[in-house]
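Below is one structure, written out as structure tokens; the observations come after it.
Numbering (our numbering), first residue to last: 554 to 672.
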């Protein structure tokens with residue numbers, strides 16, 4: 554399970570580092586996404602910074618697994634909010650699916666590292 558956890562943590566770190574950077578630096582796609590979701594642009598930047606925090610947790614979690622478990626919870630909640638944002642604007646399932654898949658992967662990290670939360 555350690556190998557699976559590390560693979561998921563690295564994969565999610567890379568995805569959220571890229572996504573967070575696109576939000577913080579205002580990529581056209583992210584600006585349009587937040588307009589479409591009827592969310593303010595300042596929230597785009599805050600979301601990107603929150604993703605950076607989660608990435609730090611996932612990376613530190615390679616050596617301290619409890620950090621990965623907490624980061625999984627962090628991203629699970631963020632991605633649940635993302636899915637609900639898509640539902641709120643009546644997006645298609647296809648548009649909501651990436652956030653849902655990332656939520657499932659984040660929860661998987663937490664489940665794998667759950668015992669570390671108890672220590």
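Using N, Cα and C, we set each Cβ at its ideal position, and we do this for glycine too.
Alpha-carbon spacing of residue i relative to residue j, whole angstroms
i: residue 645; j: residue 672; result: 41 Å
i: residue 633; j: residue 583; result: 18 Å
i: residue 602; j: residue 577; result: 7 Å
i: residue 561; j: residue 600; result: 21 Å
i: residue 581; j: residue 590; result: 14 Å
i: residue 557; j: residue 563; result: 10 Å
i: residue 622; j: residue 640; result: 27 Å
i: residue 670; j: residue 568; result: 24 Å
i: residue 758; j: residue 648; result: The shown model of the chain, from 554 to 672, leaves out residue 758, and the question about it has no answer.
i: residue 617; j: residue 597; result: 29 Å
i: residue 593; j: residue 613; result: 31 Å
i: residue 555; j: residue 630; result: 23 Å
Element boundaries [alpha helix (DSSP H), containing residue i]
i: residue 612; result: 594-613
i: residue 579; result: It is not in any alpha helix (DSSP H) - residue 579 carries neither H nor E in the DSSP assignment.
i: residue 636; result: 618-641
Residue i - DSSP class collapsed to helix/strand/coil
i: residue 587; result: helix
i: residue 671; result: coil
i: residue 662; result: helix
i: residue 644; result: coil
Interface flag, residue i vs chain D, CB-CB below 8 Å
i: residue 611; result: This model lacks chain D altogether, as it is built from one protein chain only.
Three CB pairs or more closer than 8 Å across the segment 565-582 and the segment 603-614 | yes
Check whether the segment 647-663 touches the segment 618-629, counting contact only when three or more Cβ pairs, one atom from each stretch, lie closer than 8 Å.
-> yes
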